[in-house]
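Asker:
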Amino acid sequence: MTNETETDRLTRGQAKLAEITGRSGEQVMTALADIAPDFARYIFEFGYGDIYSRPGLDLRTRMLATVAGLVTLGHAERELEVHIGSALNCGATRDEMVETIMQMALYAGFPAALNALFVAKRVFAAREGAPEE
Numbered sequence: 001m002t003n004e005t006e007t008d009r010l011t012r013g014q015a016k017l018a019e020i021t022g023r024s025g026e027q028v029m030t031a032l033a034d035i036a037p038d039f040a041r042y043i044f045e046f047g048y049g050d051i052y053s054r055p056g057l058d059l060r061t062r063m064l065a066t067v068a069g070l071v072t073l074g075h076a077e078r079e080l081e082v083h084i085g086s087a088l089n090c091g092a093t094r095d096e097m098v099e100t101i102m103q104m105a106l107y108a109g110f111p112a113a114l115n116a117l118f119v120a121k122r123v124f125a126a127r128e129g130a131p132e133e
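Residue numbers (UniProt numbering): 1 to 133.
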């Protein structure tokens, strides 16, 4: 049993999210404040404070795995967009992102991979300042 408080987990989670995304996550907290403030806290405490902060994988690998998981869901376009950008922030390359998504066609199907490739294309274009097609 650890003596760690929920405040410690929340603080660690917020710091980890900022490291990954470059943003504090206040938008998520604010957006959920009137409907499910505990859910926002769980995202930070468990997701980022506990899981993303574990030492077993580096952030680049964690983000590639996250993108793969989101591709397989086939219905998480908003989250996929955020996590593709986060993977790039954590050192993944565009080629690694495309290969990860293409690999998921075997497990999630071609429509899910195709949709994810279009999300990646938008993220890449936004980062380059190029217009989307």
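Glycine included, each C-beta is placed from N, C-alpha and C at the ideal position.
Every value quoted in this text rests on a predicted model; they were computed, and no experiment measured them.
Nearest CA to the CA of residue 12: which residue from 97, 44, 68?
Answerer: 44
Asker: Using 10 angstroms around the beta-carbon of residue 75, count the other beta-carbons present and answer buried if the total reaches 16, otherwise exposed.
Answerer: For residue 75, the number of other beta carbons within 10 angstroms of its own is below 16, and it is reported as exposed.
Asker: Is residue 62 near residue 52, with beta carbons less than 8 Å apart?
Answerer: yes
Asker: Look at the alpha carbon of residue 78 and the alpha carbon of residue 34, and state the distance between them as a whole number of angstroms.
Answerer: 21 Å
Asker: How big is the Cα-Cα spacing for residue 100 and residue 68?
Answerer: 6 Å
Asker: Who are the near neighbours of residue 17 in its chain, counting only those whose CB is closer than 6 Å to its CB and skipping five residues on each side?
Answerer: Contacts found: 25, 48.
Asker: Using a Cβ-Cβ cut-off of 8 Å (strictly less than) and excluding sequence neighbours within five positions of residue 103, which residues of its own chain qualify?
Answerer: Sequence-distant partners of residue 103 (beyond 5 residues in either direction) whose C-beta falls short of 8 Å from its own C-beta, in its chain, are 68.
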